[in-house]
Amino acid sequence: MKFLDQAKIYIRSGNGGAGSVSFRREKFIPNGGPDGGDGGKGGDVWVEAADGLNTLIDFRYQQHFKAQTGHHGQGRQMHGAKGEDVVLRVPVGTQVLDEDKETVLVDLDEPGMKVKLLSGGNGGWGNTRFKGPVNQAPRHANPGQEGQERWIWLRLKLIADIGLAGLPNAGKSTFLSAVSAARPKVADYPFTTLTPNLGMVDLSPSERFVIADIPGLIEGASEGAGLGTRFLGHVERSASLIHLIDGTQDDVVEAYRIIRGELEAYGEGLADKTEILALNKIDALTPEAREEKAAALEAVAGRRPMLVSGVSGEGVTELLRAAWAEVKLTRGEVTDEGADMIPETPGGWQP
Numbered sequence: 367m368k369f370l371d372q373a374k375i376y377i378r379s380g381n382g383g384a385g386s387v388s389f390r391r392e393k394f395i396p397n398g399g400p401d402g403g404d405g406g407k408g409g410d411v412w413v414e415a416a417d418g419l420n421t422l423i424d425f426r427y428q429q430h431f432k433a434q435t436g437h438h439g440q441g442r443q444m445h446g447a448k449g450e451d452v453v454l455r456v457p458v459g460t461q462v463l464d465e466d467k468e469t470v471l472v473d474l475d476e477p478g479m480k481v482k483l484l485s486g487g488n489g490g491w492g493n494t495r496f497k498g499p500v501n502q503a504p505r506h507a508n509p510g511q512e513g514q515e516r517w518i519w520l521r522l523k524l525i526a527d528i529g530l531a532g533l534p535n536a537g538k539s540t541f542l543s544a545v546s547a548a549r550p551k552v553a554d555y556p557f558t559t560l561t562p563n564l565g566m567v568d569l570s571p572s573e574r575f576v577i578a579d580i581p582g583l584i585e586g587a588s589e590g591a592g593l594g595t596r597f598l599g600h601v602e603r604s605a606s607l608i609h610l611i612d613g614t615q616d617d618v619v620e621a622y623r624i625i626r627g628e629l630e631a632y633g634e635g636l637a638d639k640t641e642i643l644a645l646n647k648i649d650a651l652t653p654e655a656r657e658e659k660a661a662a663l664e665a666v667a668g669r670r671p672m673l674v675s676g677v678s679g680e681g682v683t684e685l686l687r688a689a690w691a692e693v694k695l696t697r698g699e700v701t702d703e704g705a706d707m708i709p710e711t712p713g714g715w716q717p
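Under the numbering used here, the residues of the sequence shown are numbered 367 to 717, in order.
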């Protein structure tokens, strides 16, 4: 299934049904009077966050959604039925934006969340409503009220516990495939990953969390360069970040500064998230090169990077344990004092 995280659609609620002009005409009931029923209310337009969806691809093939018009009233004071609603089922984490693509109307960040976007028009009154001592035989009824319409944008921001950040070819997809059942495309050239990927990490039956791998960032991404800001939004909801740096490149410090600069320039609190720094691809480095590059990163970041290799599995368990500690903190299951005392579960994940 193709990944689609933005879609522009047209929505319209249903018109109200028209009221009826009718009179009782039974043979043995003199002066029967009016008995026209009211029209039914038009259908509403709803949006619902549904589990099991992770793309907006369905809205690529259908962009117009119209609720049903309310049924018209009939004689014998029979009121029209309400028109059927339209329910847009979207992935959890979808935002509904106005046509300007900036104003957020709804943020569906919880499973099962359901919000009404447009209300259907009210049904028109039948002629029964207008009878009185002065006008005992009204011969008019109201038409139904018009429905509402508008264009909206749907924008998906994946919900994950941990987000992977790094330059292109930093080994993010290899790392994700090593720690989860996700199978993103892996190749030896930059920008292999063109769409975000989600992976479920199972440290043990009771310890699991979701990692989001986004396409690699380059300098100027916060201003639209490369794949731009489009995919940075997918790590907005992540509680913490794993910042992977390719250990085989010449200047690891500059790589660190580029990503940190883009996170700060993008805003939305990305730069304030807890960051787990990791030097990747250490299987290709000598012990001396590992120490030299780790020391250089420690000098600029103010903390010791973790040494990992998605290919050999070295250091991966320790990195996942550190990530799990951050997830537990975010979920409120432990306090800051207890984060370092999370025990390992026997029989847990191994690379």
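Ideal Cβ positions, reconstructed from N, Cα and C, are used throughout, including at glycine.
Simplified DSSP assignment, three categories, for Trp491:
Coil, per DSSP.
Supposed contact pair Val693 and Leu685 - C-beta distance, whole angstroms, cut 8 Å:
Their Cβ separation, rounded to whole angstroms, is 13 Å, which puts Leu685 and Val693 out of contact at 8 Å.
Between which two residues does the beta strand (DSSP E) harbouring Asn644 extend?
Before going further, note that residue 644 is Ala rather than Asn in the sequence given. Start and end: 640-646.
Span separating the alpha-carbon of Gly399 from that of Gln502:
Taking the straight line from one Cα to the other gives about 7 Å.
Pick out the complete alpha helix (DSSP H) segments inside the segment 410-488, 4 residues or longer, and give them in chain order.
For the segment 410-488, whole alpha helix (DSSP H) runs of length 4 or above, ordered along the chain, are 424-427.
Buried or exposed for Asn493, please, with buried defined as at least 16 other CB atoms from any protein chain shown within 10 angstroms of its CB.
Residue burial is scored here from C-beta neighbours: Asn493 has at least 16 other C-beta atoms within 10 angstroms and is therefore classed as buried.
With 16 other CB atoms within 10 Å as the buried threshold, where does Trp519 fall?
Buried: at least 16 other Cβ atoms inside 10 Å.
Just tell me which of Gly599, Ile525, Gly510, Arg521 has its CA closest to the CA of Gly380.
Looking only at Gly599, Ile525, Gly510, Arg521, the smallest Cα-Cα distance to Gly380 is reached by Gly510.
Using a Cβ distance threshold of 8 Å, determine whether the segment 380-393 contacts the segment 522-532, with at least three qualifying pairs required.
At 8 Å Cβ cutoff, the stretches do not touch.
Is DSSP giving Arg516 helix, strand or coil here?
If DSSP states are grouped into helix, strand and coil, Arg516 belongs with the strands.
For Tyr555, which of helix, strand or coil comes out of DSSP?
For Tyr555, the predicted model reports a pLDDT of 49, less than 50, meaning its position is unreliable; a value from the coordinates is still stated below. The answer is coil: DSSP assigns Tyr555 none of H, G, I, E or B.
What does a CB cutoff of less than 6 Å around Val481 pick up in its chain, not counting 5 residues either side in sequence?
Closer than 6 Å at the Cβ level, and outside the excluded window around Val481, lie Val413, Val472.
Within-8 Å CB hit, Ser546 to chain C
The displayed structure is made up of one protein chain only, and chain C is not part of it.
Tell me whether Ala373 sits in a helix, a strand or coil according to DSSP, three-state version.
DSSP places Ala373 within a strand segment (E or B) once states are collapsed to three.
Close-in-space but distant-in-sequence residues of the same chain around Ser678 (CB under 6 Å, 5 per side omitted):
Closer than 6 Å at Cβ, skipping near neighbours: Asp649.
DSSP state of Gly592 mapped onto helix, strand, coil
Confidence is the limiting factor: at Gly592 the pLDDT is only 49, short of 50, which leaves the residue's position unreliable, though a coordinate-based value still follows. Gly592 sits in coil when the DSSP states are folded into three classes, being neither helix nor strand.
Sub-8 Å separation of Ala578 and His600 beta-carbons:
Cβ atoms of Ala578 and His600: closer than 8 Å.
Short check: CB of Gly408 to CB of Gly449, under 8 Å?
With a cutoff of 8 Å on beta-carbon distance, Gly408 and Gly449 are scored as near each other.
Based on Cα-Cα distance, which residue from Gln440, Arg442, Asp451, Arg455 lies nearest to Phe425?
Nearest option by C-alpha distance: Arg455.
Starting from Ile611, trace the beta strand (DSSP E) both ways and give me its first and last residue.
If you look at Ile611, you'll find it in the beta strand (DSSP E) that goes 606-612.
Taking just the CA atoms, how far does Ala507 sit from Lys432?
The alpha-carbon separation between Lys432 and Ala507 amounts to approximately 26 Å.
Under a three-way DSSP split, which group does Pro653 fall into?
Residue state, collapsed to three classes: helix.
Within the same chain, show all residues whose beta-carbon is closer than 7 Å to that of Asp410, passing over the 5 residues directly before and after it, in chain order.
So the list reads Ser379, Ala433, Asp451, Lys482, Leu484, Ser485, Gly486, once near-sequence residues are dropped.
Using only CA atoms, which one of Gln615, Leu569, Ser606, Val618 lies nearest to Leu629?
Distance from the Cα of Leu629 is smallest, within the candidate group Gln615, Leu569, Ser606, Val618, for Ser606.
Buried versus exposed, by CB contacts within 10 Å (16 or more), His438:
Per the 10 Å Cβ criterion, buried.
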